[in-house]
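Enquirer: The following block contains the structure, expressed as structure tokens.
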Amino acid sequence: QVQLVESGGGLVQAGSSLRLSCAASGGTLSTLLMGWFRQAPGKEREFVATINWSTGGTYYKDSVKGRFTISRDNSDYTVYLEMNSLKPEDTAVYYCATSTVQGRYNFWGRGTQVTVSS
């Protein structure tokens with residue numbers, strides 16, 4: 001059983017930066033992917049970014065390309081989301097997730113709130 005704990009959220013002004021962290025523990029040797037998702041009030045949860053744990057390959061939602069960067073620290077099973085040039089529409093609860101089986105993210109964190117004021 002993998003446990004994921006996010007941190008780093010907060011209230012910032014538009015144009016600011018935040019760095020989210022997600023620490024994974026338990027069963028991490030089977031990690032295939034780690035990703036970030038977000039859910040804004042009244043909206044469905046959406047994909048933000050993902051990283052292949054073995055290769056380091058990354059993939060992003062179009063609207064965050066060039067502003068957000070996902071990275072990993074293999075030594076302590078931590079994934080980061082560096083968010084720059086934040087916009088009010090980035091306001092959401094951000095969730096970390098991991099995939100230990102092909103085709104789906106099967107473990108999720110509890111989320112961290114990011115609020116961007118205009």
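According to our numbering, numbering within the sequence shown proceeds without interruption in unit steps and concludes at 118. Using N, Cα and C, we set each Cβ at its ideal position, and we do this for glycine too. All figures in this text were calculated on a predicted structure; none of them were measured in a lab.
#1: Could you check the C-alpha separation between Thr28 and Val2 for me, to the nearest Å?
#2: Looking only at its chain, what residues have a beta carbon closer than 8 Å to the beta carbon of Gly26, apart from the 5 residues adjacent to it on each side?
#3: Should Arg19 go down as buried or exposed, given a rule of 16 or more other Cβ atoms within 10 Å for buried?
#4: Please return the same chain residues whose Cβ sits closer than 6 Å to the Cβ of Tyr59, not counting the five positions on each side in sequence.
#5: Assuming Cys22 and Glu46 are in contact, meaning their beta carbons sit under 8 Å apart, how far apart are those beta carbons, in whole angstroms?
Expert: Answer, in terms of the structure:
#1: 6 Å
#2: Gln1, Val2, Gln3
#3: exposed
#4: Thr50
#5: Going by Cβ atoms, the distance from Cys22 to Glu46 rounds to 17 Å, so no, they are not a contact pair.
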